[in-house]
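One structure below.
There are 2 protein chains.
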Amino acid sequence: VTAVGKVNLAEKLAQFDEHWAPRIVAEANGQEIRVAKVKGEFVPHHHTEGDEVFLVLKGKLRIEMGNRSVELREGELLVVPRGVEHRPVADEEAHLLVIDPASARNTGNVRDERTRDRLERI
Amino acid sequence: VTAVGKVNLAEKLAQFDEHWAPRIVAEANGQEIRVAKVKGEFVPHHHTEGDEVFLVLKGKLRIEMGNRSVELREGELLVVPRGVEHRPVADEEAHLLVIDPASARNTGNVRDERTRDRLERI
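Just so you know, the protein sequences line up as chains H and X, in that order.
This note's numbering applies: residue 9 is where the first sequence begins, and numbers increase by one.
This note's numbering applies: residue 9 is where the second sequence begins, and numbers increase by one.
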């Protein structure tokens, strides 16, 4: 049985400043619940492992998908389906909760200098 | 491919007043993302289908598990592992985001007057 302890999202986010480097804060049913600080334009990518959920905790996030774009504010979430190319963009720093299959790499099918093959558990 | 549309959690919560009757607002990787309004003491129960995630969006939630109790405030989450008996209690109305396997019934292994065999998708 997994240890049962609560997670304060703001406290977790206060533990790091790095952008685009999600930290794992909880696991459930093969999914990882991650928090991330983001700013600027990320690399367009997709995930073959599964769907990805973005929930904005602070600030704003734009998710560009081909010729579409979805703007998320605090308290808004988006599910990006498996295989759909997306590019997260934040004009100012934003704080996110992200849910991915445990195996999913942050840059999906792409490898660049922001790729993290192993995410830290905090 | 699932439709891609954003979900504003506060707008979804404004659509109903019923307590302990979660609404489904999104799906990802076999999990349902649900929102719920709760107040009072729920029935102690467990889920055989999988783990359950509680994230408090507004107010406070106490989750009693045997002789332990975890108090969650806004921005705090808890994963209740599969099979662990838990009793959610909210002294005042609280608003929650809850993540469950798509098959999971709100009252888990218990059936009472608050059981919802089918949850509404809003």
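For glycine and all other residues, C-beta sits at the position ideal for the given N, C-alpha and C.
Quick check on the DSSP output: the alpha helix (DSSP H) that includes L127/X runs from which residue to which? Note, L127/X: premise wrong, no alpha helix (DSSP H); not H, not E.
Report all residues from its chain with a CB closer than 7 Å to the CB of L85/H; omit the five preceding and five following residues, and keep chain order. Within the same chain, L85/H has close Cβ partners V61, F62 and L63.
In chain H, which residues lie with their C-beta within 7 Å of the C-beta of P109/X? Result: N37.
is_contact[V9/X, chain H] using C-beta, thresh 8 Å: For V9/X, the predicted structure reports a pLDDT of 40, less than 50, and the residue's modelled location is therefore unreliable. A value from the coordinates is still provided. Interface residue, yes.
Interface partners of D59/H on chain X, CB under 7 Å: Proximity of chain X to D59/H at the Cβ level (cut-off 7 Å) is accounted for by A36 and N37, in chain order.
Give the straight-line distance between the Cα atoms of V87/H and G13/X, rounded to the nearest whole angstrom. Distance between the alpha carbons of V87/H and G13/X is about 8 Å.
Could you give the DSSP three-state label for L47/X: helix, strand or coil? The sequence given here has Lys at residue 47/X, not Leu. If DSSP states are grouped into helix, strand and coil, K47/X belongs with the strands.
Confirm, please, whether the CB-CB distance from G48/X to H103/X is below 8 Å. Going by C-beta atoms, H103/X is not nearer than 8 Å to G48/X.
For P109/X, the nearest candidate out of V78/X, N16/X and H55/X (CA to CA): With distances taken between Cα atoms, P109/X lies closest to H55/X.
Just the C-alpha distance for R129/H and G58/H, rounded to the nearest angstrom, thanks. Spanning the alpha carbons of R129/H and G58/H requires a straight line of approximately 20 Å.
Can you name, in chain order, every residue of its own chain whose Cβ lies under 7 Å from the Cβ of T115/X, other than the five neighbours on each side? Within the same chain, Cβ atoms closer than 7 Å to the Cβ of T115/X are found at V51, H53, R122 and T123, the five residues on either side in sequence being excluded.
With DSSP as the reference, label A112/H as helix, strand or coil. Of the three classes helix, strand and coil, the one that applies to A112/H here is coil, per DSSP.
What are the boundary residues of the beta strand (DSSP E) that includes A36/X? According to the DSSP assignment, A36/X belongs to the beta strand (DSSP E) that extends over R31 to A36.
Any idea which residues DSSP pairs H27/X with across the strands? The partner list for H27/X (beta bridge, DSSP) reads K45/X.
Opposing strand residues paired with A102/H [DSSP bridges]: According to DSSP, which records beta bridges pairwise, A102/H is partnered with V46/H.
Just mark A36/X as buried or exposed, buried being the case when its beta carbon has 16 or more other beta carbons within 10 Å. Per the 10 Å Cβ criterion, buried.
Just curious, the alpha helix (DSSP H) that E19/H is in, first and last residue? Per DSSP, E19/H belongs to the alpha helix (DSSP H) from L17 to L21.
If contact means a Cβ-Cβ distance below 7 Å, which residues of the stretch 99-124 of chain X contact chain H? Correct list: I107 and P109.
Inter-residue spacing [alpha-carbon to alpha-carbon] between E72/H and E93/H: Distance between the alpha carbons of E72/H and E93/H is about 8 Å.
For V45/H and E26/H, which I take to be in contact (beta-carbon distance under 8 Å), what is that distance rounded to the nearest angstrom? Contrary to the premise, residue 45/H reads as Lys rather than Val in this sequence. Taking 8 Å as the upper bound for CB-CB distance, K45/H and E26/H are in contact here, some 7 Å apart.
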